[in-house]
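As numbered in my numbering, the sequence shown has no gaps in its residue numbers, which increase by one up to the final residue, 183.
All C-beta atoms in this analysis are idealised placements derived from N, C-alpha and C, irrespective of residue type, glycine included.
Structure first, then comments.
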Amino acid sequence: MKDATLCYLFKDGKVLLQKKAEGKFGGGKWNAPGGKIKSMETPVKAAIREVAEETGLKVEKVQPAGVLQFFDEGGHVFLVHVFRSDRFSGEPRPSREGELQWFPATRLPLEEMWEDDRYWLPALLEGKPFRGSFLFTKGFKSLVKHEVVTA
Numbered sequence: 033m034k035d036a037t038l039c040y041l042f043k044d045g046k047v048l049l050q051k052k053a054e055g056k057f058g059g060g061k062w063n064a065p066g067g068k069i070k071s072m073e074t075p076v077k078a079a080i081r082e083v084a085e086e087t088g089l090k091v092e093k094v095q096p097a098g099v100l101q102f103f104d105e106g107g108h109v110f111l112v113h114v115f116r117s118d119r120f121s122g123e124p125r126p127s128r129e130g131e132l133q134w135f136p137a138t139r140l141p142l143e144e145m146w147e148d149d150r151y152w153l154p155a156l157l158e159g160k161p162f163r164g165s166f167l168f169t170k171g172f173k174s175l176v177k178h179e180v181v182t183a
């Protein structure tokens, strides 16, 4: 199992998303900044580090939002800790990870995001804790089944 993070940044009713560069995992899809948790690193520290590396922003504090499990039919498993923050400083800067853009929270580009996002993002946007489990075809190509529980 691989542990990873996502951190959704909020400012003035907008959400910062990153269109992952082609050749990267999730290339061509909009997603929050995030990535793998390093050995001996907590999910919180990993989320803060990943935001800094991918956006240049310095996050002061994150709030846990939910936990997602992803499986594919090839046997890959990811456990993703999802955070949110509106406490950060700096200006977003481009990186090799992909292009950055602020989107109105009410108009996220769901058709250009991971297929699972439409099932749990509403809970994140409403500030409701959630957990989800998603099964994809091999290589995370298509969503086969899902379950999302919110508080």
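The criterion of a C-beta distance shorter than 8 Å is not satisfied by alanine 137 and lysine 70.
Aspartate 148 and glycine 59 have their alpha carbons spaced roughly 16 Å apart.
Using a Cβ distance threshold of 8 Å, glutamate 131 and lysine 51 count as a contacting pair. Beyond the five residues adjoining it in sequence on each side, lysine 90 comes within less than 7 Å, by CB distance, of Ala84, Phe120, Ser121 and Gly122 in the same chain, given in chain order. Only buried fits threonine 87, as 16 or more other CB atoms lie within 10 angstroms of its CB. One Cα belongs to serine 127, the other to proline 141, and the distance between them is close to 21 Å.
In this structure, the beta-carbon distance from phenylalanine 110 to alanine 36 falls below 8 Å. Valine 114 has Leu38 and Gly98 as its beta-bridge partners, per DSSP. The stretch 89-107 makes contact with the stretch 161-179, as at least three CB pairs between them are under 8 Å.
Nearest C-alpha to glutamate 143 among Asn63, Lys56, Leu38 and Cys39: Asn63.
Judged by DSSP in its simplified three-state form, threonine 169 adopts coil rather than helix or strand.
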